[in-house]
Amino acid sequence: MKLMGESRRSSESNMMATAQAGIITSDLARTLAREGYFYPPDPSSAEYSTLGGNVACNAGGAHCLKYGITGHYVAALEVVLADGRVMRLGGKATKNVTGYDLLHLMIGSEGTLGVITEVTVRFIRQPEAERTAEAVFPKLADAGRAINAVLASGANPAMLEIMDETAIKSVEDYLHLGLPLDAEAILIIQTDGSAEEAERGIEIVAEVCRQNGAREVRVAATPEESAEMWHARHSISGSLGRIRPNKLGEDVTVPHNAIPAMIARIKEISARYGLPIVIFGHAGDGNLHPNILFDKRDLEEFERVEQAVGDLFRAAVELGGSLSGEHGVGVLKRPYLEMALGPVAVEVQKRIKQALDPHGILNPGKIFV
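All letters in the sequence shown, in the order written, are residues 1 to 369 by the numbering used here.
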């Protein structure tokens, strides 16, 4: 896959581009951006993850609130099956309901059903304008309520991210950006579209946040100020190693109206097991990234981490959510798959795996126990 990093062709008339699966996602996005186009899926790993890997995990990112996840932009795939045969799925037609939807069976299959070798993606025009705001909340619960209020306001944000107090302090200690250390939460929100749409949207966002407990809302006046706000958000994960040597990052999802309840459950789990859990993530679509901080050399502490992870998964499912919004099942979530999907759905998925990979040679040990 390291040798399969070529962007083969693009069609402006069809608004599609075809690339080998090994191309780095951000390289594809930058290539399109130079021509005035926008490939919205933007996982935090975009600078080093491959397009094929993003398809295999159906990756998301901050922009998926407004624009959707990777699967919404995949038009066609070339896939090598376990027996060596090559299968081409999808195409350039906008609509195609011929037979089973095998294209979307492969998307999100985590490499367990076939090896993706080529991807055709859709792209769109770049928005004319963007506006970014940073809302500071003395209370984390108020930030949770503000998320729902913003989504119901008509502002139509492109991105809506959350940082809790531990994330704020960790990033500030790391980068010295002047973040408010007495705040329990920060929301970073971006609107886009025409200049008028972006400006009107950010005005609504600012007002709604103030009405829901924000003590300060700062709207970026320049692209540099906006970039600094997003730099703080994107630096969270890298900064956490200064607190504890190890972290376990999860990506549970809940309906966005259950975000306040999920935040409360995470805080309860943190207290129950005596473990620091940092809350950040794509709050606008209910995809939170609770990161459990620990020292793996402490075996007793690691046992508590494993128990806490199970409680996080159960809380998400009980609130109508899922185990994973974009990272996939992999190995860690395998024991909880039936809890999330039910025995019938798991059995059907196992039969699909058996049909396409009877000898279990494709990404063995993933998804199913």
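For every residue, glycine included, the Cβ atom is placed at its ideal position computed from N, Cα and C.
### Whole-number beta carbon distance between Arg125 and Gly201, since they are thought to touch under 8 Å
Counting from 1 along the sequence shown, the entry for residue 201 is found at position 201. Counting from 1 along the sequence shown, the entry for residue 125 is found at position 125. About 18 Å; that fails the 8 Å criterion.
#### Entry: Cα-Cα separation, Leu140 to Arg314
By 1-based counting over the sequence shown, the position of residue 140 is 140. By 1-based counting over the sequence shown, the position of residue 314 is 314. Between Leu140 and Arg314, the C-alpha separation is close to 22 Å.
### Message
Helix, strand or coil for Ile23? Go by DSSP, reduced to three states.
### Response
In the sequence shown, counting from the first residue as 1, residue 23 sits at position 23. Correct three-state label for Ile23: coil.
### Query
What do you get for Leu160, buried or exposed, if any count of 16 or more other CB atoms within 10 angstroms of its CB means buried?
Numbered from 1 along the sequence shown, position 160 holds the residue referred to as residue 160. By the 10 Å Cβ count, Leu160 comes out buried.
### 7 Å CB neighbourhood of Val305 in its chain, flanking five on each side removed
Along the sequence shown, one-based indexing puts residue 305 at 305. Same-chain partners within the cutoff: Leu248, Leu275, Ile292, Phe294.
#### Entry: C-beta contact flag for Leu81 and Leu103 at 8 Å
The residue given as residue 81 occupies position 81 in the sequence shown. The residue given as residue 103 occupies position 103 in the sequence shown. The answer is no: Cβ separation not under 8 Å.
### Message
Once the 5 residues before and after Arg351 are set aside, which same chain residues still bring their CB inside 6 Å of it?
### Response
By 1-based counting over the sequence shown, the position of residue 351 is 351. Nothing listed; no residue qualifies.
### Message
For a test of the three-state rule: what should DSSP assign to His282, helix, strand or coil?
### Response
Position 282 of the sequence shown holds residue 282. It is a strand residue.
### Task
Note down, in chain order, each residue of its chain lying with its Cβ closer than 7 Å to the Cβ of Lys169, except the 5 sequence neighbours on either side.
The residue you call residue 169 lines up with position 169 of the sequence shown. For Lys169, where only same-chain residues beyond five positions count, the Cβ hits under 7 Å are Leu181.
#### Entry: Per-residue DSSP class, three states only, for Phe302
Position 302 of the sequence shown, counted from the first residue, corresponds to residue 302. Three-state result, Phe302: helix.
#### Entry: Whole-number beta carbon distance between Leu312 and Glu250, since they are thought to touch under 8 Å
Position 250 of the sequence shown, counted from the start, is the residue given in the question as residue 250. Position 312 of the sequence shown, counted from the start, is the residue given in the question as residue 312. About 6 Å separates the two Cβ atoms, so the contact holds.
### Query
Looking at the unbroken beta strand (DSSP E) that takes in Asn164, where does it start and where does it end?
As a first step, residue 164 must be located in the sequence shown, where it is residue number 164. The sequence shown places Asp at residue 164, not Asn. Element bounds for Asp164: 159-164.
### Message
Can you tell me where the alpha helix (DSSP H) holding Arg200 begins and where it ends?
### Response
The count along the sequence shown starts at 1 and reaches residue 200 at position 200. Run containing Arg200: 195-211, per the alpha helix (DSSP H) assignment.
### Task
State buried or exposed for Pro40, treating a residue as buried only when at least 16 other CB atoms are found within 10 Å of its CB.
If you number the sequence shown from 1, residue 40 lands on position 40. Buried, by the Cβ-count rule.
### Query
Between which two residues does the beta strand (DSSP E) carrying Met87 extend?
Walking along the sequence shown from the start, residue 87 turns up at place 87. First-last of the beta strand (DSSP E) with Met87: 86-90.
#### Entry: Local Cβ density within 10 Å of Arg272, reported as buried at 16 or more and exposed below that
Position 272 of the sequence shown holds residue 272. Exposed, by the Cβ-count rule.
### Message
Within 8 Å, do at least three Cβ pairs link the region 148-159 to the region 56-65?
### Response
yes
### Query
Cα separation between Gly22 and His289?
Translated into positions along the sequence shown, residue 22 becomes position 22. Translated into positions along the sequence shown, residue 289 becomes position 289. When rounded, the distance between both Cα atoms is 26 Å.
### Task
Determine the direct distance from the alpha carbon of His176 to that of Val86, and round the result to whole angstroms.
Here the question's residue 86 lines up with position 86 in the sequence shown. Here the question's residue 176 lines up with position 176 in the sequence shown. Whole-angstrom Cα-Cα distance: 52 Å.
### In chain order, each beta strand (DSSP E) run of at least 3 residues that lies wholly inside the region 67-132
74-80, 86-90, 115-122
### Task
Identify the continuous alpha helix (DSSP H) that holds Gly53 and give its terminal residues.
Counting from 1 along the sequence shown, the entry for residue 53 is found at position 53. First-last of the alpha helix (DSSP H) with Gly53: 51-57.
### Message
Please report the straight-line C-alpha distance between Met15 and Arg122, rounded to a whole angstrom.
### Response
Locating residue 15 in the sequence shown gives position 15, counting from the first residue. Locating residue 122 in the sequence shown gives position 122, counting from the first residue. C-alpha separation (whole angstroms): 6 Å.
### Task
Helix, strand or coil for Ala322, going by three-state DSSP, please let me know.
Along the sequence shown, read from residue 1 onward, the residue named residue 322 stands at position 322. First, the residue type needs correcting, since residue 322 is Ser and not Ala in the sequence shown. In the structure shown, Ser322 sits in a strand (DSSP, three-state: E or B).
#### Entry: Short Cβ contact (8 Å threshold) for Ile456 with Ile279
In the structure as shown, the chain starts at 1 and stops at 369, and residue 456 therefore has no counterpart that could be examined.
### Task
Please determine, among Ile204, Gly342, Leu179, the residue with the shortest C-alpha to C-alpha distance to Thr191.
By 1-based counting over the sequence shown, the position of residue 191 is 191. Among Ile204, Gly342, Leu179, the Cα nearest to that of Thr191 is on Ile204.
### Query
Per DSSP, Ile263 is paired with what?
In the sequence shown, the residue the question calls residue 263 occupies position 263. Paired residues: none, contrary to the question.
### Task
Could you tell me which of Ala17, Asn96, Ser49, Ala46 sits nearest to Tyr73, measuring between CA atoms?
For the purposes of this step, residue 73 is taken as residue 73 along the sequence shown, with counting starting at 1. Of the candidates Ala17, Asn96, Ser49, Ala46, the one whose C-alpha sits nearest the C-alpha of Tyr73 is Ala17.
### Query
By a C-beta neighbour count over all protein chains shown, 10 Å radius and 16 as the cutoff for buried, is His359 buried or exposed?
Translated into the one-based positions of the sequence shown, residue 359 becomes position 359. Classification for His359: exposed.
### Query
My guess is that His234 and Ser44 are in contact by the Cβ rule of under 8 Å, so how many angstroms apart are they, rounded?
Here residue 234 corresponds to residue number 234 of the sequence shown, with the count starting at 1. Here residue 44 corresponds to residue number 44 of the sequence shown, with the count starting at 1. Confirmed, about 7 Å.
### Message
Which residue wins for smallest C-alpha separation from Ile243, given the options Ile277, Glu268, Glu301?
### Response
The residue labelled residue 243 in the question sits at position 243 within the sequence shown. The shortest Cα separation from Ile243 among Ile277, Glu268, Glu301 belongs to Ile277.
### Unbroken stretches of the beta strand (DSSP E), 3 residues or longer, contained in the region 225-265
246-249
### Message
With distance defined between alpha-carbon atoms, name the residue in Cys209, Ala345, Leu113 nearest to Ala355.
### Response
If you number the sequence shown from 1, residue 355 lands on position 355. Of the listed residues, the one whose Cα sits closest to Ala355 is Leu113.
### Message
Measuring only the C-alpha atoms, how far is Ala377 from Gly286?
### Response
What the structure shows of the chain is the stretch from 1 to 369, and residue 377 is not part of that stretch, so it cannot be assessed.
### Query
Can you tell which of Glu347, Gly84, Gly144, Leu179 has its C-alpha closest to the C-alpha of His282?
Residue numbering aside, residue 282 sits at position 282 when the sequence shown is read from its first letter. The shortest Cα separation from His282 among Glu347, Gly84, Gly144, Leu179 belongs to Gly144.
### Message
Taking 8 Å as the cut-off, does the region 47-62 touch the region 323-340 (at least 3 CB pairs, one atom from each stretch)?
### Response
yes
### Query
For Tyr37, does the three-state DSSP call read helix, strand or coil?
Along the sequence shown, one-based indexing puts residue 37 at 37. DSSP places Tyr37 in strand when its eight states are reduced to three.
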